[in-house]
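Student: With the UniProt record's numbering applied, the sequence shown closes on residue 723, and no number is skipped along the way. What follows is a structure written as structure tokens; I'll ask about it next.
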Amino acid sequence: MIETKRLKEKLAGKIRFPEDISTKRTLIGAVLRSPVDHGEIREIKIPEVPEDITVITASDIPGSNRISVPGGAMPLLARKEVTYRGEAVLLAAGPDRESLDRFLESVEIDLNPLPEWKYSDEDEEMSGPARMIVKGDPVEALEQASIKVESSFTTPLQRHLATPLLSVYVKTEGQKFTISSSTQWPTNVIQNCAAVTGVARKNFSIKLNPLGKPLDSKIWMPSLVAAQAALLAQKSKKPVSLSYSAEETILCSPMRIPARFHCEAGLDESGKLQSLIVDFKIDTGSHVMLTPEILDRICIGAAGVYQCRHIKVTGIAYRSHKPPLGAFSGMGLAQAFFAVESLTDILINRFIEFQKKEIERLVEEAVSAGDDNRLKSARTRTTTDPAQWRSRNFLIKGNTYLSGGKLMKSPPLDSVLEKLIDSSDFTRKYAAFTNALSKREKNGGSPFARKGIGLATSYMGSNFLRRERGLFSATVIGRLDKKGKLSLITTSVPDNYALLKMWRQSAAEILGIEENMVDISSDEEGQIALAGPATLSRNITVTTRLVNQACEQIKKRRFRDPLPLVVKKTYQNSSTRKWDTETFSGHPFQELSWGGCVVEAEIDEMTFSPVVKRVWYAIDCGTVLNRNSALAEVESETMQALGWCFTEDPEKKRYWKLPGIENLPEIHVDFIESSSRTANALGGMVFNTFPAAYRNAVSAAARSQFASIPIRPEDIYTALEGR
């Protein structure tokens, strides 16, 4: 159990992690991997195996050769075909690393190279899940629009900023398995280990290590590593420690899915959004893992936060020779909001051009007519700025989602926008920077720096869209003993001590007991069969609610029923906000947070590098339970998002440049006071807003519409060349 005391000891370095655990009987595990992107396994040539070495290939697995999640699966070991460089082909364990490495060097994988997959719409083998949603008649509405925009956008892979090493320790006693691991999804680890070993899941328990800040890198990947170690422990009948090297971890860990968007949109003469058509493709890697969820979230996010009666979104996932992708913070919404908020920026600029031409026309007509009143009226007309356009087009009460669900109340987007404009001085800076750049270009160069300011707004939905129990469910079991001590067992895995302390404080306050009388732990004994992972702010939004509900029920019964008293609370689907995944209809998210970001940037004219000077956030995420933790979350994600937008090189498999201290901007965060009494999603909000705001700011500074991130110095140099 992750008890509070144990977690403190772990954070102080007093308890060993899986890679540190060792006994005289412990074997060291290792994985032999494919050296090619795609090939047919003709033969695995294994020399005589020493007595102290244990070897496993796909044909030796007693159970299923699959690591499964709701909606997807991948092979544990390649049997006939390898589909990405680094795919596991053979497992081995030995008494020490040196002898194990010598043995693995003697193993030969006879591979017949196969052609690289090339995606096409007609190739069913290459295609994964697909989705198309239509609201109204977007094609006809686009034809009737006064202002039309067509543009494409791309978002790249993203690796974890400091990818934590993947390691696991498995000990066996007869048919009993004890797994030491760091994972966001303990029930999935147990479920998959039971499936591959052919042993009942009741024989598995798991000792959990602190997560740190996983950014969803530890959703299903620990299940793969644990299953590999469990097989080696089962066959050798000895404890096995399996730790991926830094290179293996980087090579095999899931990354953010890259996406390509093609967008068309139309406005009427007043600037109202009339039509939105979005077509996107995502690379799911070699196998589908959580891809249906990501695809659906992108579809919903692609509709943005604006009123539009006519929308069409089409998305398809395709396979490639990358490791399975997708488990990354936000699960798709970041890619969607980058595209739709970048498109919004282009739309606004086009609308401003339209307004300027209209003013010029009115001035000319007034001059021709000799009408001084009309001339005065025409010259006093102003153009819209990005904040004004957004405010006029935001969703309001009574509007419908792309999925048809109706908004029961107006989102707090105007409050978010008002706070952003005020704190960042957006209106003045937008006008000043625009005028300075106009003078600079008119005069052929000037002392004015190339500065830009960009804005983006979005929402963040907590929990999963797909309602499978293995994803959506969560449970808290509360037990009050005769001494008045409360024990809470949860299916969640907290990623920081502050969260545990917050739950303890809340429980103690409800029951009127001291904090030291409350013990909170994760379900390490597998008492609860199915539950979703600790992601998408489920710890804050779901587990916090269940902890409070369990304590409230115990409070009501403690003086009526005999002790010990046991209460079980399980998260239920909302009866008022129904959602149908198959028909893509209803209310997709049970709770929403709303937010926005303003980025102030300038271009270094010596290096052509974009420099982020200041960042402002305004976020309505319901009740903020711990302000310091919330601020740390925003600041941490900003650094990650900055890397995605500016410094990461996703093509390099081993190394990539991380944001340095010189890249870090001033960060200002305002949490909007909300009428909601519940805590809503915060994690992922930065990824949903910062990238588009950054792109919009740099585009404004360069006076060029960039279509992708990262924006590199060479991109800016090309855009400015000749000016």
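Positions of the beta carbon are idealized from the N, C-alpha and C atoms, including for glycine.
For P138, count neighbouring C-beta atoms within 10 Å of its own C-beta (all shown protein chains included) and say buried if the count is 16 or more, exposed if not.
Tutor: That one is buried.
Student: Where DSSP assigns a beta bridge to I311, which residues make up the other side?
Tutor: Answer is K135, L276.
Student: Helix or strand or just coil, what does DSSP make of L165?
Tutor: Residue state, collapsed to three classes: coil.
Student: Could you tell me whether any non-hydrogen atom of the ligand SAH is closer than 8 Å to the CB of I277?
Tutor: The model depicted lacks the ligand SAH and carries no ligand whatsoever.
Student: Are the C-beta of S473 and some C-beta of chain C separated by less than 9 Å?
Tutor: In the structure shown, chain C does not exist; there is a single protein chain.
Student: Go ahead and pull the three-state DSSP assignment for A531.
Tutor: Coil, per DSSP.
Student: Could you tell me whether the Cβ atoms of L592 and N680 are closer together than 9 Å?
Tutor: Yes.
Student: Going by the CB atoms, is the gap between T457 and L417 shorter than 9 Å?
Tutor: Cβ atoms of L417 and T457: closer than 9 Å.
Student: Report all residues from its chain with a CB closer than 6 Å to the CB of L224; omit the five preceding and five following residues, and keep chain order.
Tutor: The residues are I67.
Student: Going by Cα to Cα distance, which pick from I510, A632, K501, A334 is closest to Q158?
Tutor: That would be A334, whose Cα lies nearest to the Cα of Q158.
Student: Could you tell me whether the region 142-151 touches the region 317-330, using the rule of 3 or more Cβ pairs below 8 Å?
Tutor: No: the two stretches stay apart, fewer than three of their Cβ pairs being nearer than 8 Å.
Student: If we require 4 or more residues per run, which alpha helix (DSSP H) segments fall completely within the region 160-246?
Tutor: Runs found: 186-197, 221-236.
Student: Could you give the C-beta distance for Q549 and K568, rounded to a whole number, given that I count them as a contact under 8 Å?
Tutor: With 8 Å as the limit, Q549 and K568 do not qualify as a contact, their Cβ atoms being about 10 Å apart.
Student: Three or more C-beta pairs closer than 8 Å, one from the region 258-271 and one from the region 46-57: is that the case here?
Tutor: No contact exists between the region 258-271 and the region 46-57.
Student: Assign Y459 to one of three DSSP states: helix, strand, or coil.
Tutor: Three-state result, Y459: strand.
Student: One question on the structure: do V107 and I44 come within less than 9 Å of each other, judged by their Cβ atoms?
Tutor: Their beta carbons are under 9 Å apart, which means V107 touches I44 by this criterion.
Student: Under a Cβ-count criterion, where at least 16 other Cβ atoms within 10 Å of its own Cβ denotes burial, should M502 be classed as buried or exposed?
Tutor: Per the 10 Å Cβ criterion, buried.
Student: Which residue from G94, W644, V89, I477 puts its Cα closest to that of K238?
Tutor: Answer by Cα proximity: G94.
Student: Measure how close the beta-carbons of L231 and I56 come, nearest whole angstrom, since I'm counting them as under 8 Å.
Tutor: Their Cβ separation, rounded to whole angstroms, is 5 Å, which keeps L231 and I56 in contact under 8 Å.
Student: Less than 9 Å between the beta carbons of G326 and I257, yes or no?
Tutor: It is a contact, given that the beta carbons lie within the stated cut-off.
Student: Rounding to the nearest angstrom, what Cα-Cα distance links D372 and F608 in this structure?
Tutor: Rounded to the nearest angstrom, the two C-alpha atoms are 47 Å apart.
Student: Considering only residues of the same chain and omitting the five flanking positions on each side of W389, which have a CB-CB separation below 7 Å?
Tutor: Taken in chain order, the residues that qualify are G271, I348, F351.
Student: Taking C-alpha atoms, which residue in Q175, A78, V69, V82 lies nearest to G39?
Tutor: For G39, the nearest C-alpha among the options comes from V82.
Student: In the structure shown, what three-state DSSP assignment does Q144 receive?
Tutor: Correct three-state label for Q144: helix.
Student: Less than 9 Å separating the beta-carbons of L100 and Q228?
Tutor: The answer is no: Cβ separation not under 9 Å.
Student: Residues bridged to P610 by DSSP?
Tutor: Answer is I603.
Student: Helix, strand or coil for F433 per DSSP?
Tutor: The answer is helix: DSSP assigns F433 an H, G or I state.
Student: Note down, in chain order, each residue of its chain lying with its Cβ closer than 6 Å to the Cβ of C252, except the 5 sequence neighbours on either side.
Tutor: Answer for C252: G86, P323, listed in chain order.
Student: May I have a chain-ordered list of the beta strand (DSSP E) segments no shorter than 3 residues that lie completely inside the region 477-546?
Tutor: 486-490, 518-522, all fully within the region 477-546.
Student: For the beta strand (DSSP E) holding N112, just list the boundary residues, first then last.
Tutor: Its beta strand (DSSP E) spans residues 108-113.
Student: The alpha helix (DSSP H) with I352 in it runs from where to where?
Tutor: Counting along the chain, the alpha helix (DSSP H) containing I352 begins and ends at 333-369.
Student: Is it the case that the region 373-383 contacts the region 181-192, given that we only count it when at least three CB pairs across the two stretches are under 8 Å?
Tutor: Segments in contact, no.
Student: Is the beta carbon of Y617 closer than 9 Å to that of V669?
Tutor: Cβ atoms of V669 and Y617: closer than 9 Å.
Student: Starting from the C-beta of N573, find all residues in its chain whose C-beta is less than 7 Å away, skip the five residues before and the five after it, and write them out in chain order.
Tutor: Only R467 meet the Cβ criterion.
Student: On the premise that A88 lies in contact with L77, defined as a C-beta separation below 8 Å, what is that separation, rounded to the nearest angstrom?
Tutor: That pair is a contact at about 5 Å.
Student: Throw me the rounded Cβ distance for the M460 and M685 pair, which I believe falls under 8 Å.
Tutor: Correct: roughly 5 Å between the Cβ atoms.
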